[in-house]
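Per our numbering, the very first residue in the sequence shown carries number 246; after that it's consecutive. Notes follow once the structure below has been shown.
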Amino acid sequence: MFERILGHVQAIESLRAALRADRIHHAWIFHGPVGIGKYTTALAFAAGLLDPDAQINLAGEVDIDPDGTTAQLVRSGQHPDLHIISKELARFSEHAPTRDRKQTNIPIQVVRQFVVAPAARTGHGRSADTSSARATKVFIIDEAEMLDGRAQDTLLKTLEEPAPGTVLILVTSREHELSPTIRSRCRRLAFHPLTEPELDQWRDGLTDGLATDLTDHQWDDLKRIGRGSPGLVQTMMAGGMLGWLETIRSILAQLDDGRLPADAGPALAAHIEEFAQATVKQNKQASKDAANRHGVSLLFTMMAEEFRVRLAQSLAGSTNDPRAAMQVIRWIEYIELAQQQLSDNVNLKLVLDNLVIQLAGAASDEPHDPVCPGWFDTAGCI
246 MFERILGHVQ AIESLRAALR ADRIHHAWIF HGPVGIGKYT TALAFAAGLL DPDAQINLAG
306 EVDIDPDGTT AQLVRSGQHP DLHIISKELA RFSEHAPTRD RKQTNIPIQV VRQFVVAPAA
366 RTGHGRSADT SSARATKVFI IDEAEMLDGR AQDTLLKTLE EPAPGTVLIL VTSREHELSP
426 TIRSRCRRLA FHPLTEPELD QWRDGLTDGL ATDLTDHQWD DLKRIGRGSP GLVQTMMAGG
486 MLGWLETIRS ILAQLDDGRL PADAGPALAA HIEEFAQATV KQNKQASKDA ANRHGVSLLF
546 TMMAEEFRVR LAQSLAGSTN DPRAAMQVIR WIEYIELAQQ QLSDNVNLKL VLDNLVIQLA
606 GAASDEPHDP VCPGWFDTAG CI
């Protein structure tokens with residue numbers, strides 16, 4: 246199973262060593278950036294833990310048949326002793342208010358029903374003492390940073406007093422949002438972005454038109470913005486976000502010409518609205534607000550990457566231009582300010598309109614007065 250995973254050599258070797266020694270820690274945290282393979286690696290590890298036929302081969306490695314029954318059941322999500330926990334499980338909760346709520350986090354009811362209760366039971370018709378597998382139950386909590394405070398407190402007892410044969414894997418891109426107590430109970434494993442050759446290899450394995458129809462220039466853009474994350478690249482391809490990049494570059498070209506692109510704010514907002522609508526259409530219980538925030542995060546990531554390229558160009562060799570570099574630094578600061586405004590629940594369209602005005606002000610080297618509509622009080626002024 247591990248052979249099919251790109252990158253993460255050190256993390257995978259740590260997991261192989263644990264399987265070889267047959268001394269499995271009961272709780273793990275797989276942490277690293279979004280979309281780089283943490284969850285895929287967790288599935289491979291689960292297959293090794295649950296496969297009763299996984300044995301040490303002549304090379305001293307645990308031999309896991311990727312086409313064996315256990316591996317196939319794990320990949321399909323049908324293994325009876327593998328429990329995948331995500332915010333989407335709320336729709337299957339026994340608690341009606343939890344079923345009806347928007348899926349913005351992993352609430353306590355999900356942890357109680359889908360982690361605590363099954364963790365207290367024995368494995369699928371087996372005893373932890375007689376099973377030849379290395380674990381009788383494996384729980385993978387995806388996006389574990391979305392566990393709310395009460396859910397984390399409830400999970401803690403299972404982490405501290407797990408039933409024999411129980412292994413929990415928390416997959417997260419924001420480890421700092423897990424409580425210090427939870428982190429202290431888990432073995433932490435760091436995952437890192439893929440290299441460019443590894444991303445190229447990942448693309449070569451894709452067969453859909455989204456990947457095969459890309460020009461080399463488009464693929465270079467996606468790799469650069471994706472920063473080693475196949476998941477982020479896949480999201481950008483599926484969401485048509487090369488079109489977002491064209492909009493961003495059009496805005497910057499107009500700023501370079503000394504023009505204020507009046508329709509830039511609405512154009513950026515339209516991209517985010519389209520992304521959020523598509524997200525909610527795929528999942529009726531998805532939070533539109535959460536989808537908007539995700540879309541904004543992707544947009545600002547793309548803008549910041551374009552700014553980073555400009556900053557590097559302005560400081561390169563004979564073209565060293567401190568004034569141009571300072572302009573780009575101000576642009577980056579305005580992105581950070583816009584992110585803070587959205588965190589303070591300022592209207593998205595207003596934030597984007599104001600951001601474009603601020604970018605134009607920095608480009609023209611003119612002072613910029615904050616936008617303060619009459620219905621804003623002074624404290625709420627952007």
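Cβ atoms here follow ideal geometry from the backbone N, Cα and C, with glycine treated the same way.
{"Asked": "From Tyr284 to Gly473, what distance separates their C-alpha atoms?", "Found": "15 Å"}
{"Asked": "Under the rule that 16 or more other beta-carbon atoms within 10 Å means buried, what is Ile493, buried or exposed?", "Found": "buried"}
{"Asked": "Does Arg213 come out as helix, strand or coil in the three-state DSSP assignment?", "Found": "Limits of the chain in this structure are 246 at one end and 627 at the other, which puts residue 213 out of reach."}
{"Asked": "By DSSP, does Ile281 sit in helix, in strand, or in coil?", "Found": "coil"}
{"Asked": "Going by beta carbon distance, what residues of the same chain come within less than 6 Å of Ala378, once the five residues before and after it are set aside?", "Found": "Leu295 and Pro297"}
{"Asked": "Which same chain residues, not among the five before or five after Ala365, have their C-beta less than 7 Å away from its C-beta?", "Found": "Ala408"}
{"Asked": "Quick one, are the C-beta atoms of Arg432 and Glu420 less than 8 Å apart?", "Found": "no"}
{"Asked": "Where are the alpha helix (DSSP H) runs, 4 residues long or more, that stay fully inside the stretch 518 to 590, in chain order?", "Found": "533 to 559 and 567 to 588"}
{"Asked": "How far does the alpha helix (DSSP H) with Ile351 in it extend, from its first residue to its last?", "Found": "Premise fails: Ile351 is in no alpha helix (DSSP H) and is neither H nor E."}
{"Asked": "Quick one: does His539 have its CB under 8 Å from some CB of chain C?", "Found": "Protein chain content of the structure displayed is limited to a single chain, and chain C is not contained in it."}
{"Asked": "Which residue marks the beginning of the beta strand (DSSP E) containing Lys332, and which one marks its end?", "Found": "Careful: Lys332 lies outside any beta strand (DSSP E) and carries neither H nor E."}
{"Asked": "Is the separation between the beta-carbon of Gln446 and that of Leu251 shorter than 8 Å?", "Found": "yes"}
{"Asked": "Quick check: the Cα distance between Gln358 and Asp326, rounded to an integer number of angstroms?", "Found": "15 Å"}
{"Asked": "Excluding five sequence neighbours on each side, which residues of the same chain lie with their C-beta closer than 8 Å to the C-beta of Ala531?", "Found": "Lys347, Gln348, Thr524 and Val525"}
{"Asked": "On the CB-based measure, 16 or more other CB atoms within 10 Å of its CB, does Asp466 come out buried or exposed?", "Found": "buried"}
{"Asked": "Give me the Cβ distance between Ile274 and Leu415, rounded to the nearest whole Å; I'm assuming they're in contact under 8 Å.", "Found": "5 Å"}
{"Asked": "Hey, how far is the Cα of Ser338 from the Cα of Gly282?", "Found": "28 Å"}
{"Asked": "Of the residues Val412, Ala389, Leu600 and Gln317, which one's Cα is nearest the Cα of Pro363?", "Found": "Val412"}
{"Asked": "Give the secondary structure of Thr411 by DSSP, where H, G and I count as helix, E and B as strand, and everything else as coil.", "Found": "strand"}
{"Asked": "Tell me which residue opens and which closes the alpha helix (DSSP H) that Ile257 is part of.", "Found": "Val254 to Ala266"}
{"Asked": "Check for me: the alpha helix (DSSP H) holding Arg635 runs from which residue to which?", "Found": "In the structure displayed, the chain extends from 246 to 627; residue 635 sits before or after that span and is not available."}
{"Asked": "Grouping DSSP H, G and I as helix and E and B as strand, with all else coil, what is Asp458?", "Found": "coil"}
{"Asked": "Between Ser331 and the rest of its own chain, which residues show a CB-CB distance below 6 Å, the 5 nearest in sequence each way excluded?", "Found": "Asp387"}
{"Asked": "Have a look at Val319, Leu260 and Arg469 and flag the residue whose alpha-carbon is nearest the alpha-carbon of Pro442.", "Found": "Arg469"}
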